[in-house]
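Residue numbers for the sequence shown follow our numbering, beginning at 613 and rising by one.
The structure appears below as structure tokens.
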Amino acid sequence: MQMGQIGSAGERRLQSEFGTGDRAAKFYSDQMLDHLNPTMIEFVGRQEIAFIATADASGECDNSLRAGTPGFMHVIDSKTLAYPEYRGNGVMASLGNILENPHVGIILVDFVQDLIGLHVNGSARIVDDEALRSEIADLPVDHSGGRIPERWVVVDVEEAYIHCRKHIPRMAPVPRHREWGTDDVKRKGGDYFDAKATPRHDADGRIADGSAELTRVISPGFSAAPAGTSGN
Numbered sequence: 613m614q615m616g617q618i619g620s621a622g623e624r625r626l627q628s629e630f631g632t633g634d635r636a637a638k639f640y641s642d643q644m645l646d647h648l649n650p651t652m653i654e655f656v657g658r659q660e661i662a663f664i665a666t667a668d669a670s671g672e673c674d675n676s677l678r679a680g681t682p683g684f685m686h687v688i689d690s691k692t693l694a695y696p697e698y699r700g701n702g703v704m705a706s707l708g709n710i711l712e713n714p715h716v717g718i719i720l721v722d723f724v725q726d727l728i729g730l731h732v733n734g735s736a737r738i739v740d741d742e743a744l745r746s747e748i749a750d751l752p753v754d755h756s757g758g759r760i761p762e763r764w765v766v767v768d769v770e771e772a773y774i775h776c777r778k779h780i781p782r783m784a785p786v787p788r789h790r791e792w793g794t795d796d797v798k799r800k801g802g803d804y805f806d807a808k809a810t811p812r813h814d815a816d817g818r819i820a821d822g823s824a825e826l827t828r829v830i831s832p833g834f835s836a837a838p839a840g841t842s843g844n
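Encoded structure:
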């Protein structure tokens, strides 16, 4: 994205190619802000899940889920928000990406009440819990199951805009006991995808049992590169 211009060069090129420039311009002018307005701040404050997209220095991507009680994603001010990082599986894929490349994309979706989503894009940095608490007096202290954040991701907001409701499914919350922070393999989901018994690499393009070959349809000119390590 060029300084002062909304949208990337790739967006602009495809808008020109497919004739969507007028629609895009209206969306940019009507819906995209460089900060969180009061309605957005209220929305963030009542969400329990967020999807976080990051990429490393070479562009290898990762998308991860973060969850907590309403308000776990804390709005510091209209240009800044923060979310906690707890003890996890030790991979630190998202944090590792942020260390190399600070750009993050966040989407919060209300599946229950208003069926609407909010995109927040910006630049992130990693801050220790104690250091951030010394600066932010109202940082949340009541965390589910007594969990204490080890650190926070602080995001300087650059873009905030709506995700329309037309394809968002309605879901109903049900009572559930959550095992926040557990190391119990079964409670965490175990080896649900049978990964432990599956070879790490599948060089010949065959399904794990060797019974059939996978069919890959790749667009002309597309060059497939090895994927990086992914985790929470």
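The C-beta atom is built at its ideal place from N, Cα and C for all residues, glycine as well.
Checklist entry - Counting Cβ pairs closer than 8 Å, one from the stretch 763 to 773 and one from the stretch 704 to 719, do we hit at least three? => result yes
Next on the checklist: If you reduce the DSSP assignment to three classes, tell me which class ILE780 lands in.
Outcome noted: coil
Checklist entry - Looking only at DSSP bridge pairs, what is ASP806 linked to? => result Partner(s): none; ASP806 has no beta bridge.
Next on the checklist: Using a 10 Å radius around the Cβ and a threshold of 16 neighbouring Cβ atoms, would you call TYR695 buried or exposed?
Outcome noted: buried
Checklist entry - Less than 8 Å separating the beta-carbons of ARG782 and LEU727? => result yes
Item to check | Exposure label - ILE599; buried when at least 16 CB within 10 Å | outcome: There is simply no residue 599 to check, as the chain begins at 613 and stops at 844 in what is shown.
Next on the checklist: If you measure between the beta carbons of ASP674 and ASN709, is that distance less than 8 Å?
Outcome noted: yes
Checklist entry - Buried or exposed: ARG845, going by 16 or more other Cβ atoms within 10 Å of its Cβ? => result Past the edges of the chain, shown from 613 to 844, lies residue 845, and the structure says nothing about it.
Checklist entry - What number of angstroms, rounded off, separates the C-alpha of PRO650 from the C-alpha of ALA669? => result 34 Å
Checklist entry - The alpha helix (DSSP H) with PHE684 in it runs from where to where? => result Taken as a continuous stretch (DSSP letters only), PHE684 belongs to no alpha helix (DSSP H), as it is neither H nor E.
Item to check | Beta-carbon gap between THR632 and GLU660 smaller than 8 Å | outcome: no
Next on the checklist: List, from N- to C-terminal side, the alpha helix (DSSP H) runs of 4 residues or more that fit wholly inside the stretch 689 to 763.
Outcome noted: 705 to 712, 741 to 747
Next on the checklist: If you follow the alpha helix (DSSP H) that ILE618 is in, where does it begin and where does it stop?
Outcome noted: Premise fails: ILE618 is in no alpha helix (DSSP H) and is neither H nor E.
Checklist entry - Taking the alpha-carbon positions, what's the GLY700 to ARG678 distance? => result 11 Å
Checklist entry - Taking 8 Å as the CB-CB cut-off, is PRO785 touching chain D? => result This model lacks chain D altogether; it includes just one protein chain.
Item to check | Residue environment, GLY657, which counts as buried when at least 16 other CB atoms sit within 10 Å | outcome: exposed
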